[in-house]
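Visitor: Below you'll find the structure I mean.
In our numbering, the protein residues as written are 46 to 1042.
Written out as structure tokens, the structure is:
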């Protein structure tokens, strides 16, 4: 061969899609292909396959396997002369290494691809039964099965059948194979066959007439005694036949296996008998079956054995299937099962999972089945076991929007085609998209993507997967809008009854009211109604994902009524991706955030992701600057404090909304995994906001009563959770007030001024208005409620020198200046530092006193009737336990360990660990318990709109707390168990560290 010719052939091979042109040249030069080496028809046909290299290699192997020269010549002549055979054979060889192996072992099976008559284009069960008729044992059955599979694959890769027709053919071949296997089993045990009637019910994809190339074939067996036979003996005989049939299909032989036959969908699964009588099946489904078992029965179809008995089985169980949607928590059960499937996918595989991953085939199937079970009760046209047929029926009946159905159909077909071609290559059961370049290239080319197969495949796969992600839940909600909207002539809609059924299934407690809200929002021909109709299907899904969908929809209607005529509102929801989802989460998560929003609905702008909006929390300096500027513009103290409270209300809403969105997660951003970070953000934001509000209120009161200068220097010292920068949504502002007369001012005049300032601040911050009040609590001052409200710095010094008790030193651990004269606040801190960080630490008497106070508080302050184990503040392992333990460490070691000199619990705990005062494990246990208890308190306030230290007792409120904490529907019990477990571990650490047990 001349170098020029080699180069020319090499170039032609590359142009025809070969990736290893050198190897291809060698194969073309082999003796087997000598006669057709230069035939352009062959090269064109190879280049049209999914993998030309694989096709050529398979062809050479097939030629080598022919029994002689004449047989080789016959194959080559037919290949060149007959385009149908050429396309079929080379198409299969280029797509399936496994079928190439079969042809190499059975070299005359290529002849099965020669015939090209109409009856060969779409064979059914009868044709496949003829193809398997000569099988006399499991091995010959496998060979015949592969021969039939060869013809299905040939029609598939050549485009003679589409993906739905291919799946139906595979199901029909499985039906014929089950019948052939049962016949072999009956021949082996004629006495057993005579003693019983055995029906084989196909389930899953086989039952649904939509089987994959390689899949378990799910079945259920039903048996009865033959006339005159004993039932117990008949069931034993039926069980032997069923077991033998399963082995014939499943066992590995020299010809491999066909596929596993899986009977685990039967009542009681693997623990139940393999074969039951019809009455036993019926009794189980009437009493014990779970929701998913009725969902599985959607695809039940008699396929083998006694078909009359199979039909009786279907007739008996079908009425139960269509009552499944009436079960309590039906939709929640189905969605929970879907989530569980996704959660069980290994993290490394989830992005490559075609079937089970988000946006995968199972999302389509679950959504369609859910709709069938809800509406198939009243509409028999929906009762198809085939996903695409059911989807088409749902669209025709108005249960699914037509455009959505078309997009979902396209996506499902593409994803199933990918799945088919992936499995066809090795005939292995897999749903993972391959990672190798060569595999992706072959896969892309097999789907007709030829320009840049890998890039195009990835793009199309992600596009279709994205469509499924976007639509699989919206599918359920959009037709609810059509039920109350004006539709064009000929368009179908949900009936009011069907719409109520669907809303009930979604968890709406008052579907009639929900329909009224939808009608008010979406009816009419205005631009507002048109945009609402676009938004609501998605919003309804987000509402249904919450614990209280009714509240979410009602709140949305209220906001829309208030803002609907404002041009920017609907534009915000329509155009800014995050705004609509953020709003849905906020409106359905509880009472606090919607209540804050309803007081000034324009705050909805904060939920957007554009300039000037967003949920980024603001710092102390920024807040104080805005509030002081607003106070400066006000005419008087009332107006100034009203402005400050308005900022506080808006920022409380921003904080709550950001917290809800971060806790729930969105479609584009997962929920925040670091629970401690969520607590720290809320604590810092609410504390900064409270401090800025107090600073603005102080400025307004002083300016209104005394002009620029108060007769006394005045500072507010944050105490408790306020001083620790750990305020929650329902916290009061714990403070003590300190003042120092200006030079030349009489002490009585200074004290009167300071007391007037405090009284006016407290009054103005509690004046009834649209803004939530801010309560100032000064009970932690010296002598408590019996002592003066305001003291001078000298008075504090004298008191602490003579009368201070150990509990007051402990309370001062959280003291931090928050507003007023900064220099006075700093001097107050210098005064109290020796008290809260005593030199050489606390004495044993003081330690005993603190322990005594703690034990007394536990026994006396817990509310009557409260479950101690679920009380977040005073219960074992709760906030008080952790904080007193940390504070005891600060009192004993703060003098020597600078890191302990902080007002913040988590920082002090971390510093104690760093100093070796407790182990890393103990520190982590205490931190986890403190964070969890704080999160629960925040959740209770968000959900109920009022503060509380225990979990709610009302089921919806408890579920809402669970959703905030990351627990799905039906997992409130798991949440309570986790809380008890976490706090129990923390209490054990407290017993050791605090009580010295």
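Idealized CB from N, CA, C, for every residue including glycine.
Here the structure is a predicted model, which is why all the values come from computation and not from measurement.
Alpha carbon to alpha carbon, what distance is there between residue 66 and residue 486?
Guide: Numbered from its first residue, the chain shown carries residue 486 at position 441. Numbered from its first residue, the chain shown carries residue 66 at position 21. Rounded to the nearest angstrom, the two C-alpha atoms are 16 Å apart.
Visitor: Would you mind working out which of 293, 934, 307, 358 sits nearest residue 325, comparing C-alpha positions?
Guide: As a working mapping, residue 325 is identified with position 280 in the chain shown. The option with the nearest alpha carbon to residue 325 is 358.
Visitor: List the endpoints of the continuous beta strand (DSSP E) containing residue 761.
Guide: One-based indexing of the chain shown puts residue 761 at position 716. Where residue 761 is concerned, the enclosing beta strand (DSSP E) stretches over 757-763.
Visitor: From 789, 461, 718, 829, pick the residue whose C-alpha is nearest to that of residue 976; which is it?
Guide: Start at 1 with the first residue of the chain shown, and residue 976 comes out as number 931. When only C-alpha atoms are compared, the closest one is 718.
Visitor: Going by CA-CA distance only, name the one from 266, 281, 676 that's closest to residue 291.
Guide: As a first step, residue 291 is located in the chain shown; it is residue number 246 there, counting from the start. Measuring from the Cα of residue 291, the nearest candidate turns out to be 266.
Visitor: What are the complete beta strand (DSSP E) segments, minimum 3 residues, inside the region 675-728?
Guide: None, since the region 675-728 contains no complete beta strand (DSSP E) of that length.
Visitor: How many angstroms separate the CA atom of residue 531 from the CA atom of residue 996?
Guide: Working through the chain shown from its first residue, we reach residue 531 at position 486. Working through the chain shown from its first residue, we reach residue 996 at position 951. Any answer about residue 531 is weak, because its pLDDT of 48 lies below 50 and its placement is not dependable; what the coordinates show is given next. Taking the straight line from one Cα to the other gives about 45 Å.
Visitor: Once DSSP output is grouped into helix, strand and coil, what is the label at residue 570?
Guide: In the chain shown, the residue the question calls residue 570 occupies position 525. Of the three classes helix, strand and coil, the one that applies to residue 570 here is coil, per DSSP.
Visitor: On the three-state DSSP scale, how would you describe residue 476?
Guide: Taking the first residue of the chain shown as position 1, residue 476 is located at position 431. Note: residue 476 maps to coil in three-state DSSP.
Visitor: Tell me, which residues are paired with residue 995 by DSSP?
Guide: The sequence position of residue 995 within the chain shown is 950, counting from 1. Its beta-bridge partners are 916.
Visitor: Between the C-alpha atoms of residue 516 and residue 805, what's the straight-line distance to the nearest angstrom?
Guide: Counting from 1 along the chain shown, the entry for residue 516 is found at position 471. Counting from 1 along the chain shown, the entry for residue 805 is found at position 760. Rounded to the nearest angstrom, the two C-alpha atoms are 56 Å apart.
Visitor: Can you check whether the CB of residue 271 is closer than 8 Å to the CB of residue 279?
Guide: Within the chain shown, the letter at position 234 stands for residue 279. Within the chain shown, the letter at position 226 stands for residue 271. The answer is yes: Cβ separation under 8 Å.
Visitor: Mapping DSSP to helix, strand and coil, what is residue 328?
Guide: The count along the chain shown starts at 1 and reaches residue 328 at position 283. Three-state DSSP puts residue 328 in a helix.
Visitor: Taking just the CA atoms, how far does residue 224 sit from residue 351?
Guide: Your numbering for residue 351 matches position 306 in the chain shown. Your numbering for residue 224 matches position 179 in the chain shown. Answer to the nearest angstrom: the Cα atoms are 10 Å apart.
Visitor: Between 81, 80, 55, which has its C-alpha nearest residue 69's C-alpha?
Guide: Locating residue 69 in the chain shown gives position 24, counting from the first residue. Among 81, 80, 55, the Cα nearest to that of residue 69 belongs to 55.
Visitor: My output table needs one value for residue 873: the three-state DSSP class, helix, strand or coil.
Guide: On the chain shown, position 828 is the one that residue 873 refers to. Reduced to three states, the DSSP call for residue 873 is helix.
Visitor: Which one or two residues does DSSP pair with residue 243 in a beta bridge?
Guide: Here residue 243 is taken as the residue at index 198 of the chain shown, counted from 1. DSSP lists 268 as partners of residue 243.
Visitor: In whole angstroms, give me the CA-to-CA distance for residue 1040 and residue 896.
Guide: Here residue 1040 refers to the residue found at position 995 of the chain shown. Here residue 896 refers to the residue found at position 851 of the chain shown. Roughly 7 Å separates the two Cα atoms.
Visitor: Name the one or two DSSP bridge partners that residue 500 has.
Guide: Stepping through the chain shown from its first residue, residue 500 is reached at position 455. DSSP output for residue 500 lists no bridge partner at all.
Visitor: DSSP three-state label for residue 788, please.
Guide: Taking the chain shown and counting its residues from 1, the one referred to as residue 788 is at position 743. Coil at residue 788, not helix or strand.
Visitor: Let's test the definition: count the other Cβ atoms within 10 Å of the Cβ of residue 114 and tell me whether it reaches 16, buried, or not, exposed.
Guide: If you number the chain shown from 1, residue 114 lands on position 69. Classification of residue 114: exposed, given that the 10 Å Cβ count is below 16.
Visitor: Touching or not, the region 230-239 and the region 403-410, by the rule of three or more beta carbon pairs under 8 Å?
Guide: The answer is no - the region 403-410 does not touch the region 230-239, with fewer than three Cβ pairs under 8 Å.
Visitor: Between residue 1030 and residue 921, which are expected to be in contact by the criterion C-beta below 8 Å, what is the C-beta distance as a whole number of angstroms?
Guide: Within the chain shown, the letter at position 985 stands for residue 1030. Within the chain shown, the letter at position 876 stands for residue 921. Wrong, their Cβ atoms sit about 10 Å apart, outside the cutoff.
Visitor: Check residue 656 in the structure and name its three-state DSSP category.
Guide: In the chain shown, the residue the question calls residue 656 occupies position 611. Model confidence at residue 656 stands at a pLDDT of 44, short of 50, so the residue's coordinates are unreliable and nothing is read from them.
Visitor: Just grab the DSSP bridge partners of residue 298 for me.
Guide: For the purposes of this step, residue 298 is identified with residue 253 of the chain shown, where counting begins at 1. Per DSSP, 301.
Visitor: Taking 8 Å as the threshold (C-beta atoms), are residue 746 and residue 812 in contact?
Guide: On the chain shown, residue 812 is found 767 positions in, with the first residue counted as 1. On the chain shown, residue 746 is found 701 positions in, with the first residue counted as 1. Going by C-beta atoms, residue 812 is not nearer than 8 Å to residue 746.
Visitor: Measure the CB-CB distance between residue 934 and residue 925 and report whether it falls below 8 Å.
Guide: Start at 1 with the first residue of the chain shown, and residue 934 comes out as number 889. Start at 1 with the first residue of the chain shown, and residue 925 comes out as number 880. Their beta carbons are not under 8 Å apart, which means residue 934 does not touch residue 925 by this criterion.
Visitor: Within the same chain, show all residues whose beta-carbon is closer than 6 Å to that of residue 376, passing over the 5 residues directly before and after it, in chain order.
Guide: Here residue 376 is taken as the residue at index 331 of the chain shown, counted from 1. Once the five neighbours on either side are set aside, the close Cβ partners of residue 376 are 550, 551.
Visitor: Out of 610, 771, 176, 501, which one is the CA nearest neighbour of residue 859?
Guide: Taking the first residue of the chain shown as position 1, residue 859 is located at position 814. For the residues 610, 771, 176, 501, the minimum Cα distance to residue 859 belongs to 771.
Visitor: Helix, strand or coil: how does DSSP classify residue 86 here?
Guide: The residue you call residue 86 lines up with position 41 of the chain shown. If DSSP states are grouped into helix, strand and coil, residue 86 belongs with the helices.
Visitor: Are the Cβ atoms of residue 287 and residue 320 separated by less than 8 Å?
Guide: What you label residue 287 is simply residue 242 of the chain shown in a count that begins at 1. What you label residue 320 is simply residue 275 of the chain shown in a count that begins at 1. Yes, they are a contact pair.
Visitor: Using a threshold of 8 Å, state whether the C-beta atoms of residue 950 and residue 931 are closer than that.
Guide: Here residue 950 refers to the residue found at position 905 when the chain shown is read from its first residue. Here residue 931 refers to the residue found at position 886 when the chain shown is read from its first residue. Yes. Within cutoff.
Visitor: Give me the Cα-Cα distance between residue 616 and residue 938, rounded to the nearest whole angstrom.
Guide: Working through the chain shown from its first residue, we reach residue 616 at position 571. Working through the chain shown from its first residue, we reach residue 938 at position 893. Taking the straight line joining both Cα atoms gives about 58 Å.
Visitor: Once you ignore the five residues that flank residue 1104 on each side, which residues in its own chain have a CB closer than 7 Å to its CB?
Guide: Residue 1104 cannot be examined here, being either before or after the span of the chain that is shown, 46 to 1042.
Visitor: Can you tell me the Cβ-Cβ gap for residue 216 and residue 251, rounded? I've got them flagged as a contact below 8 Å.
Guide: On the chain shown, position 171 is the one that residue 216 refers to. On the chain shown, position 206 is the one that residue 251 refers to. So it is a contact: roughly 5 Å between Cβ atoms.
Visitor: Note down, in chain order, each residue of its chain lying with its Cβ closer than 7 Å to the Cβ of residue 535, except the 5 sequence neighbours on either side.
Guide: As a working note, residue 535 is residue 490 in the chain shown. Here residue 535 scores only 45 on pLDDT, less than 50, and its place in the model should not be relied on; the value that follows carries that caveat. Hits under 7 Å: none found.
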